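Engineer: Protein chains in written order, with our numbering: chain A, 9 to 374; chain B, 9 to 374; chain C, 9 to 374; chain D, 9 to 374.
Quick reminder that beta carbons are idealized off the backbone N, C-alpha and C, glycines included.
On a predicted model such as this, the values are computed, not experimentally measured, just so you know.
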């Protein structure tokens, strides 16, 4: 049994990890770390867990990384930016594995981090930054297997990258024309008591935010830059517009993505714009064996309701011959594949378990 | 492996059965019966099931009870009132077990049925009516074990009865003072394309309906009447007010119940009104061993979010010394414990399996 | 032009007053009092007001009652409990009129206040308490006309009292059997940044709260007690159960009320239970001339969507001959008739204007 | 008093016209046309209108255009595609004015209509098509003044065009790079009893639809093509991607738009990319006098909650120097400025009234 600790267990992502692991046959949460609720029963803070947690573990404890490292085989940190990098040491990583749901170890480039995370300090320890593996399972599976420190991707990021990756990798689109318009449920904003997240402020409204400045932008740009290596690129970041929107629902992210098609040379020497079947082939090349990615048939588009509560990413697309663009859309549950589910998937990879353990729940509808 | 057929598989309750059984280790849906969608892939109608159903079963078929009876070990009928009783025969029950989610076999008293279900024909075959067992698992477990035909209770009914049962059974309240004010999510209204269930009609509104005439009333009155037998009563129906309300959410029922306390005689001969501890004791007597009923501590009240997606019923209460009443509240997921979950629980009882198989999902929050 | 000041202008109720007065031909807000936002443009805090407020008034100012009393003909205080009574003086009332949306002057009985508002100090100045008029317009219109200090009723209270008043006043129900089960949208909880009011906590859930202890209870009990005077009663408080529920919508309150019918003596000397027409007659006696109360025809029930954004209270009822009870339901918009609208109605009465000025907006649907 | 008839009065847009005109000092609905509800009281179908409509008019009548033309000074047709063009004659237009909320007279180009509205017949009478004026008030005000037949724009269209118009007209963006990602509340789908619009299907989900094929696309392309004339263009249609999304709210449209900046030549002869102040200047040139368009300050973005229930369009933008694009966003209430409000605005223009009559309601929040 893998002994699991969670720092930030009483946030939405932390609690989602706890919920998923209730159904995991080989892992058990033994440490519910929570500063704000230390001393209280976890199942009193999250009433859905009532009667479901073994009495001896059902208590929120003041998080203490070195202590947890001794007690736990793996620690999930669902914490504010800067927290983990301020505390993590090589010693801790000798005792335990760490899967970080914050942005501390996602961006390799220190300058890029500084530019986008203005005023949010992180400890830029080069050794740890270099050691950290970006935990986008379907793309980086092999590197994750041997990691000690996993930087779990952001929710917008996971959805945005997975939706465009094969087309960038195969050179079917011009990556610098990529425009990502994303819509997110409100749980992505966390459980903090903030006025903009009140029911009456969110309900019956939609708004863009972080336009041209959202921090998930460089993460997408860096990772899709790597994708270019598949088709002879140098791996340098691409340049995109990314606009998130808040919509009145709890879970779910939908990313609608637009890019200009790039002419490709056929074996015959002729150059043509990719058509639907070439696009589909590219998706299938990367995802046909992926349990958690469902490529939708032509004419069917992702809807967040079909993935809610599950670790799936649904992807659909259409070629627009009028504008010579492809329109793609991806949908996932921001708390599962966009956070806790992918974190558990990363844990499974780290411990050489089947990737789907604890993640087999069918999406819940309605 | 238990071979399962569902009639009405593309309704919300039918699809919920299908979803729960995906996680059941000893049962498998082999027949997705659906008149409206016959010939279509089930996973195309319910996109959440995409990739999750074995290819050969993933097709909606025209339901045919006698045929299904041969193919299936158990049939769930999630069908309109009158459907099952118009088709069911003893021969069918010799070949299979039937768990009916409609009201056809719930009310034993033919006159009561006629009075409340005006204009909705059912076949009042006395033998089948008498054979049918009311499938409220926690109350009728023993009778269910040997049944062939289970009348699965309604969603309001399950919640309303479970919340009041111990207090009626122990004689702590005057049952004829019982007033039940229930609030339901919209999935209870089914998947029919009806104007009152449109998003814009339901959202941002709350309304009572079926006031003094809702059909779940006599079901509650009959079953709580039986409860009186525990304390020397004759089992005749009680007389209540039941008012359902539609509220803008998908899943969940909350029943708030009010009743006047009844004086009880202490061993000392003194007569007193029951206090909180006596009420709690009554609940514990009936429910302390029940896996799917969670009695909440004093001061904690049920909220539907804590049971969503699960088979739990949460129950809380307070004694009001000012008015000499007890206020009780119960919450459950109308599609799970209020329909499909209880149906699966009944199936487990019928097949002598652990009751919780397929029903261990933790509630999903947020 | 009546010069209006609002203390607490950036709360939901305060802002609603401001919004209603935009459409009032004889009143104008000249002082937007707000501690939290002092110095900021009001129309930046509430973006719906952009371009709608005269430049010179469009600024949130630190509230200062004596100062405002000189500047304003009337002051609305939409403030926390205890605020107004801590500051109000006879001098202020010599300069201005005050309409208080808090509970400071609602309960006449000091002991009752202490019992229900434990730990929430108010200044129990007997002269001011005695001077204050309970501003339930349809009931207390005459007293309000000459008042200087109006205690604007609570939202639950307005709805609960108006729904039952005629039946209590006419002696058609036994008031001590009255049970009020109320459902409220979330704006009633105010604009404070509190975790329980976050979108993800409120949405897709329903919960009771303040069961047996909610502070609107004694307000209802006191006012319905006065109603008994119409039928020879002594005006002492009645004794009820009142249970509020939070539901996932922004605006709206629905109160479902249950009471046992009381036998009445006909002119013939015969005693009978009141039937539907007698109940209707009672409602019409009190409300047929009331512009803001809509008595619904038999079989039609109030729904909050039909009153949203308006000052209406819709009322419906049914007699249940089985249980000898009447079930009533009332619906209103908690921010309008339940707060700001009634406050403006009170202002109109105070200034001898037509009651409907500024309140003629039709309900907004969908 | 302008005598108004509405065909399709019981649809959401038709009822919204009726609601707005309740507050209009110079117009009155005298004919509530509704096929489905003919013979029923309008205020029984839309309970919000109870007590608000003069008795003699409060009845849904079978619509009959020639008859209505005699009775009414203006007719609003909120009807399915093809309805009006199948019935309209020059004789009718001699008796009355017609404001059509359907798409029958929006697209001038018959071939374009056929291509996008496949299978939806309209009568392509060239005289009427040529006479009809596209009723985008802020752009076509002068033409509307003298019209008899106004083609009221679609909801997505109004929002999309107004948001981009000044930048296209001033040549600040390359119009063929324009990508419009729109999010709409559910009332835009109408009041038909269709499964995809049920509460449980819409709530807690977001989905794109009509991707690359939505019928508002050519309307936007045609109208923004005209805009090019301001900067020397030929008025030929532009070519865009337009993707609508359904989100779980009732009212509101948000259009997020992306376009590449186009170099402009300064008086100095230097060519530069437009910066924020040049963009703002363009917006102000077109909109600074417009009562119903609110250009937001830098850093403030439109949110549909701030326009709900009003005739406003809020517009914000940001220049992204990294990608050399401008990101714009516009928000409006799809039933008001996106349908009924603009229709009333058009009526005011047709009758030479102040444009804002009946449209002065402040947005309702929360």
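State yes or no: is the beta carbon of residue 195/C nearer than 9 Å to at least one beta carbon in chain A?
Structural biologist: In the third chain, residue 195/C corresponds to position 187, counting from 1. Taking Cβ atoms only, chain A reaches closer than 9 Å to residue 195/C, which makes this a yes.
Engineer: Using Cβ-Cβ distances below 7 Å, what residues of the region 290-322 of chain D are close to chain C?
Structural biologist: If the cut-off is 7 Å between Cβ atoms, the region 290-322 of chain D has 302, 311, 314, 317 near chain C.
Engineer: Which of the three DSSP states is assigned to residue 207/B in this structure?
Structural biologist: Here the question's residue 207/B lines up with position 199 in the second chain. Three-state result, residue 207/B: helix.
Engineer: Which residue from 236/C, 169/C, 266/C, 179/C puts its Cα closest to that of residue 227/C?
Structural biologist: Numbered from its first residue, the third chain carries residue 227/C at position 219. Closest by alpha carbon: 169/C.
Engineer: Report back the beta-carbon spacing between residue 158/C and residue 143/C to the nearest angstrom; my notes put them in contact at under 8 Å.
Structural biologist: In the third chain, counting from the first residue as 1, residue 158/C sits at position 150. In the third chain, counting from the first residue as 1, residue 143/C sits at position 135. Their Cβ separation, rounded to whole angstroms, is 4 Å, which keeps residue 158/C and residue 143/C in contact under 8 Å.
Engineer: Can a CB atom of chain B be found closer than 9 Å to the CB of residue 259/A?
Structural biologist: In the first chain, residue 259/A corresponds to position 251, counting from 1. Yes, contact with chain B.
Engineer: Taking the beta strand (DSSP E) that residue 157/B belongs to, which residues open and close that run?
Structural biologist: Counting from 1 along the second chain, the entry for residue 157/B is found at position 149. Where residue 157/B is concerned, the enclosing beta strand (DSSP E) stretches over 157-159.
Engineer: For residue 420/B, return the contacting residues in chain A, with the cut-off set at a CB-CB distance below 7 Å.
Structural biologist: Past the boundaries of the shown model lies residue 420/B; chain B is included only from 9 to 374, so the question cannot be answered.
Engineer: State the DSSP-derived secondary structure class of residue 354/A, mapped to helix, strand or coil.
Structural biologist: Taking the first chain and counting its residues from 1, the one referred to as residue 354/A is at position 346. Three-state result, residue 354/A: helix.
Engineer: Which residues bound the alpha helix (DSSP H) around residue 98/A?
Structural biologist: Taking the first chain and counting its residues from 1, the one referred to as residue 98/A is at position 90. Its alpha helix (DSSP H) spans residues 98-103.
Engineer: Going along chain A in order, which residues have a C-beta closer than 9 Å to the C-beta of residue 247/C?
Structural biologist: Indexing the third chain from 1 puts residue 247/C at position 239. The premise fails here: residue 247/C is roughly 32 Å from chain A at the closest Cβ pair, so nothing lies under 9 Å.
Engineer: Using the beta-carbon of each residue, which ones in chain C are nearer than 9 Å to residue 345/D?
Structural biologist: In the fourth chain, counting from the first residue as 1, residue 345/D sits at position 337. Result: empty, since nearest Cβ-Cβ is about 14 Å, beyond 9 Å.
Engineer: Any C-beta of chain C sitting closer than 9 Å to the C-beta of residue 20/A?
Structural biologist: Counting from 1 along the first chain, the entry for residue 20/A is found at position 12. Yes - at least one Cβ of chain C is within 9 Å of the one on residue 20/A.
Engineer: Using a Cβ-Cβ distance cut-off of 9 Å, determine whether residue 262/C contacts chain B.
Structural biologist: Taking the third chain and counting its residues from 1, the one referred to as residue 262/C is at position 254. Yes, residue 262/C lies at the interface with chain B (some Cβ there is under 9 Å from its Cβ).
Engineer: What are the residues in the region 198-220 of chain C lying within 8 Å of chain B by C-beta distance?
Structural biologist: Going along the region 198-220 of chain C in chain order, one finds 208, 209, 211, 212, 213, 214, 215, 216, 217, 219, 220 with a Cβ nearer than 8 Å to chain B.
Engineer: Here's the rule I'm using: 16 or more other beta-carbon atoms within 10 Å means buried, otherwise exposed. How should residue 204/A be labelled?
Structural biologist: By one-based count along the first chain, residue 204/A stands at place 196. Exposed is the call here.
Engineer: Chain D beta carbons: is any one of them nearer than 9 Å to that of residue 191/A?
Structural biologist: Counting from one through the first chain, the residue named residue 191/A turns up at place 183. Judged by the 9 Å Cβ criterion, residue 191/A is in contact with chain D.
Engineer: Does the separation of the CB atoms of residue 316/B and residue 373/B fall below 9 Å?
Structural biologist: The sequence position of residue 316/B within the second chain is 308, counting from 1. The sequence position of residue 373/B within the second chain is 365, counting from 1. Their beta carbons are under 9 Å apart, which means residue 316/B touches residue 373/B by this criterion.
Engineer: In terms of alpha-carbon separation, which member of 302/C, 279/C, 155/C lies closest to residue 354/C?
Structural biologist: Walking along the third chain from the start, residue 354/C turns up at place 346. Ranking 302/C, 279/C, 155/C by Cα distance to residue 354/C puts 155/C first.
Engineer: Near residue 233/D, which residues of its chain fall below 7 Å by C-beta distance, leaving aside the five closest residues on each side in sequence?
Structural biologist: Locating residue 233/D in the fourth chain gives position 225, where the first residue counts as 1. 243, 244, 245, 246, listed in sequence order.
Engineer: For the alpha helix (DSSP H) holding residue 176/C, just list the boundary residues, first then last.
Structural biologist: In the third chain, the residue the question calls residue 176/C occupies position 168. 163-177 is the extent of the alpha helix (DSSP H) around residue 176/C.
Engineer: Quick one: what's got a C-beta closer than 6 Å to residue 187/D's C-beta in the same chain, skipping five residues either side?
Structural biologist: The count along the fourth chain starts at 1 and reaches residue 187/D at position 179. Taken in chain order, the residues that qualify are 249, 266.
Engineer: Would the beta-carbon of residue 263/D fall within 9 Å of that of residue 339/D?
Structural biologist: Mapped onto the fourth chain, residue 263/D falls at position 255. Mapped onto the fourth chain, residue 339/D falls at position 331. Contact flag set, yes.
Engineer: May I have the straight-line CA-CA distance separating residue 19/C from residue 325/C, to the nearest angstrom?
Structural biologist: What you label residue 19/C is simply residue 11 of the third chain in a count that begins at 1. What you label residue 325/C is simply residue 317 of the third chain in a count that begins at 1. In a straight line, the C-alpha of residue 19/C is about 34 Å away from that of residue 325/C.
Engineer: Which residues of chain B have a Cβ atom closer than 7 Å to the Cβ of residue 59/A, listed in chain order?
Structural biologist: In the first chain, the residue the question calls residue 59/A occupies position 51. Here the neighbours are 302.
Engineer: Assess contact between the region 206-219 of chain B and the region 173-183 of chain C, defined as three or more Cβ pairs (one per stretch) separated by less than 8 Å. Is contact present?
Structural biologist: The region 206-219 of chain B vs the region 173-183 of chain C: no contact.
Engineer: Measure from the alpha carbon of residue 39/A to the alpha carbon of each residue in 333/A, 72/A, 60/A, then state which is nearest.
Structural biologist: Against the first chain, residue 39/A aligns to sequence position 31. Nearest C-alpha to residue 39/A: 72/A.
Engineer: Looking only at C-alpha atoms, which of 201/C, 206/C, 199/C, 171/C sits nearest to residue 190/C?
Structural biologist: Taking the third chain and counting its residues from 1, the one referred to as residue 190/C is at position 182. Closest by alpha carbon: 171/C.
Engineer: Let me check one thing: in DSSP terms, what residues is residue 12/A bridge-paired to?
Structural biologist: Mapped onto the first chain, residue 12/A falls at position 4. DSSP output for residue 12/A lists 37/A, 82/A as bridge partner(s).
Engineer: Whole angstroms are fine: how far does the CA of residue 51/A sit from the CA of residue 64/A?
Structural biologist: The sequence position of residue 64/A within the first chain is 56, counting from 1. The sequence position of residue 51/A within the first chain is 43, counting from 1. Looking at the two C-alpha atoms, the distance is approximately 12 Å.
Engineer: Buried or exposed for residue 239/C, going by 16 or more other Cβ atoms inside 10 Å?
Structural biologist: For the purposes of this step, residue 239/C is taken as residue 231 along the third chain, with counting starting at 1. Flag for residue 239/C reads exposed.
Engineer: Would you call the CB atoms of residue 323/A and residue 310/A closer than 9 Å?
Structural biologist: In the first chain, residue 323/A corresponds to position 315, counting from 1. In the first chain, residue 310/A corresponds to position 302, counting from 1. Yes, the pair counts as a contact, with Cβ atoms nearer than the cut-off.
Engineer: Rounded C-beta distance between residue 313/B and residue 195/C? I'm assuming under 8 Å.
Structural biologist: Against the second chain, residue 313/B aligns to sequence position 305. Against the third chain, residue 195/C aligns to sequence position 187. Not confirmed; about 19 Å, so no contact.
Engineer: Over the uninterrupted alpha helix (DSSP H) stretch that includes residue 324/D, give me the two end residues.
Structural biologist: Taking the first residue of the fourth chain as 1, we reach residue 324/D at position 316. It is not in any alpha helix (DSSP H) - residue 324/D instead sits in the beta strand (DSSP E) that spans 321-328.
Engineer: Using a Cβ-Cβ cutoff of 8 Å, what residues of the region 27-41 of chain B are near chain A? List them in chain order.
Structural biologist: Taking 8 Å as the Cβ-Cβ cut-off against chain A, the residues of the region 27-41 of chain B that qualify are 27, 30, 31.
Engineer: What residues match up with residue 336/A in a beta bridge as DSSP calls it?
Structural biologist: Along the first chain, one-based indexing puts residue 336/A at 328. 265/A, 325/A.
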